[in-house]
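In full-length UniProt numbering, the protein residues as written are 1 to 177.
Let me begin by presenting the structure, written as structure tokens, before commenting on it.
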């Protein structure tokens with residue numbers, strides 16, 4: 001259970017401070033340029049200015065002394081915030097595990113899964129595990145990773161070239177943008 005709550009943004013009458021510092025981001029009140037400091041005034045004065053423009057008074061920095069408020073369209077602000085949050089897709093790393101002696105049919109299934117992961121926008125970590133004395137034939141693992149590089153050429157780009165880490169060879173692939 002997540003106990004941390006996102007701080008609520010105070011708008012119009014929900015602002016509790018008596019005096020506020022008004023900032024004008026859209027340059028609606030002054031001719032000095034965007035993001036300019038208009039001044040310290042009572043909350044009521046700032047609300048009147050917002051009402052005249054048909055916009056909302058939004059508290060952007062409640063911890064400042066006096067709190068900083070901005071005149072903006074709050075509905076549009078929330079919409080834009082949700083839109084940017086949606087675009088920030090968290091990229092997962094999927095892993096495909098192979099052996100140097102993987103048969104052709106199994107290879108094709110793994111390759112198909114790898115390509116589908118890349119098409120979904122996920123990074124893929126390709127791991128070739130060596131068991132026992134197979135480690136003496138590193139070239140088999142290298143050849144298999146080179147073959148994968150050739151087969152995924154239209155779907156992804158190599159982030160990390162193949163390298164040996166203990167008893168496994170690893171390569172990381174990112175989706176093509």
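Quick reminder that beta carbons are idealized off the backbone N, C-alpha and C, glycines included.
Treat the numbers as computed from the prediction; the structure is a model and nothing was measured.
Q | Nearest residue (CA-CA) to residue 164, options 173, 151, 127 | A | Sequence index remark: in the chain shown, residue 164 carries index 164 (1-based). Per the Cα distances, 127.
(Q) Please list the terminal residues of the continuous beta strand (DSSP E) segment that includes residue 95. (A) Reading the chain shown from its first residue, position 95 is the one you call residue 95. First-last of the beta strand (DSSP E) with residue 95: 93-98.
Q) Beta carbon of residue 182, beta carbon of residue 46: below 8 Å? A) Because residue 182 is not part of the residues shown, which for the chain are 1 to 177, the question remains open.
Q) Using the C-alpha atoms, what's the distance from residue 172 back to residue 57? A) Working through the chain shown from its first residue, we reach residue 57 at position 57. Working through the chain shown from its first residue, we reach residue 172 at position 172. Roughly 48 Å between the two C-alpha positions.
Q. If you count every other CB in all the chains shown that lies within 10 Å of the CB of residue 50, and 16 or more means buried, which is it?
A. Taking the first residue of the chain shown as position 1, residue 50 is located at position 50. Answer is buried; the Cβ neighbour count reaches 16.
Q. What span of residues does the alpha helix (DSSP H) with residue 121 cover, start to end?
A. To locate residue 121, count along the chain shown from 1; it is residue 121. Unbroken run through residue 121: none, as it is neither H nor E.
Q: Just confirm the distance between the C-beta atoms of residue 22 and residue 39, as a whole number of angstroms; I'd bet it's less than 8 Å.
A: Start at 1 with the first residue of the chain shown, and residue 22 comes out as number 22. Start at 1 with the first residue of the chain shown, and residue 39 comes out as number 39. With 8 Å as the limit, residue 22 and residue 39 qualify as a contact, their Cβ atoms being about 6 Å apart.
Q) For residue 167, which residues from the same chain have a beta carbon less than 8 Å from its beta carbon, with the 5 sequence-adjacent residues on both sides left out? A) Taking the chain shown and counting its residues from 1, one reaches residue 167 at position 167. Correct list, in chain order: 129, 130, 131, 135.
(Q) Between which residues of its own chain and residue 31 is the CB-CB distance below 8 Å, once the five residues before and five after are set aside? (A) Position 31 of the chain shown, counted from the start, is the residue given in the question as residue 31. Residue confidence is low: residue 31 scores 46 on pLDDT, short of 50, so the model does not pin down where it sits. Its coordinate-derived value is still stated next. Excluding residues within five positions, none has a Cβ falling inside 8 Å.
**Q.** Inter-stretch contact at 8 Å, needing at least 3 Cβ pairs: the stretch 135-147 / the stretch 77-92
**A.** no
Q: Pick helix, strand or coil for residue 10, following the three-state DSSP scheme.
A: Translated into the one-based positions of the chain shown, residue 10 becomes position 10. Residue state, collapsed to three classes: coil.
Q: Can you grab the Cα-Cα spacing for the pair residue 102 / residue 9, in whole Å?
A: Counting from one through the chain shown, the residue named residue 102 turns up at place 102. Counting from one through the chain shown, the residue named residue 9 turns up at place 9. About 56 Å.
Q) Who does residue 175 pair with in a DSSP beta bridge? A) Position 175 of the chain shown, counting from 1, holds the residue named residue 175. According to DSSP, which records beta bridges pairwise, residue 175 is partnered with 156.
Q: To the nearest angstrom, report how far apart residue 142 and residue 153 are at their CA atoms.
A: The count along the chain shown starts at 1 and reaches residue 142 at position 142. The count along the chain shown starts at 1 and reaches residue 153 at position 153. Going by the C-alpha atoms only, they are around 17 Å apart.
**Q.** Separation of residue 109 from residue 14, as counted between CA atoms
**A.** Translated into the one-based positions of the chain shown, residue 14 becomes position 14. Translated into the one-based positions of the chain shown, residue 109 becomes position 109. Going by the C-alpha atoms only, they are around 58 Å apart.
Q. For residue 98 versus residue 151, is the C-beta spacing smaller than 8 Å?
A. As a first step, residue 98 must be located in the chain shown, where it is residue number 98. As a first step, residue 151 must be located in the chain shown, where it is residue number 151. No. Outside cutoff.
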